[in-house]
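**Student:**
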Amino acid sequence: MLTIKTIASVYPEHYQHCVTSLSQHLESFRENDPEFNGHIVWVLSDMNAIDCLPLIERAFQAGCVDEDVIGDYDEVLVKFGLEDITDISPKTIKATDTQNTISLNFTTSPGFKQLEKLNKAQQKRDARRKRNLNQLGK
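In my numbering, each residue carries its 1-based index in the sequence shown increased by 583.
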């Protein structure tokens, strides 16, 4: 999938073909592994394929996207730039070792700033990776 993303970035004239290919795979979200669907959504969001949002939403609503890969649908909207992270309601996370429910407000928790730092670091890694791929293509 990263190869498809790379093709789209190196050859912009093939962008739509790459998005179409990925979205065709995502259309089979019920048959696909949820982790695979999560990676498809990740790449589509990196490519800013906003036309695929209805399909992405259906996959999330069906519970066929591994949220450990991309986050929930609200986080995808943030990645597309359609929502601000501060607009997202607090998440409820079930603890794995007990039946207690923990409610976290990510926007005010001390870890929120750490999350922002991690996101910036990821953006830098993505930019470095893109730059390296461009250098390899020359």
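Ideal Cβ placement from N, Cα and C applies to all residues, glycine included.
What you are looking at is a predicted structure, and each value in this text was computed from that prediction instead of being measured.
(1) Need the endpoints of the alpha helix (DSSP H) that R613 sits in, please.
(2) Between V626 and K588, is the Cβ-Cβ spacing less than 9 angstroms?
(3) Can you tell me which of H597, L609, E614, D629 puts its alpha carbon nearest to the alpha carbon of Q705?
(4) Can you name, in chain order, every residue of its own chain whose Cβ lies under 7 angstroms from the Cβ of V652, other than the five neighbours on each side?
(5) Only counting the same chain, and skipping five residues up and downstream in sequence, which positions put a Cβ closer than 6 angstroms to that of C601?
(6) Could you check which residue in N717, A632, D616 has the C-alpha nearest to that of Y598?
(7) Could you say which of V593, K662, H608 lies nearest to E699 if we only look at CA atoms?
(8) With a threshold of 8 angstroms on Cβ separation, who are the neighbours of R712 within its own chain once the five nearest residues in sequence on each side are excluded?
(9) Rounded to whole angstroms, what is the Cα-Cα separation between N715 and E640?
(10) Taking the alpha carbon of R613 as the point to measure from, which residue in G646, A710, L605 has its own alpha carbon closest?
(11) So, are the CB atoms of D655 and D616 less than 9 angstroms apart?
**Tutor:** Looking at the atomic coordinates:
(1) That residue, R613, is in no alpha helix (DSSP H); it is neither H nor E in DSSP.
(2) yes
(3) D629
(4) E618, G621, H622, W625
(5) A distance below 6 angstroms between beta-carbons, with the five flanking residues on each side excluded, links C601 to the following residues of its chain, in chain order: I587, I590, A591.
(6) A632
(7) K662
(8) none
(9) Those two C-alpha atoms are separated by around 33 angstroms.
(10) When C-alpha distances from R613 are compared across G646, A710, L605, the shortest belongs to G646.
(11) Result no, Cβ atoms of D655 and D616 do not sit closer than 9 angstroms.
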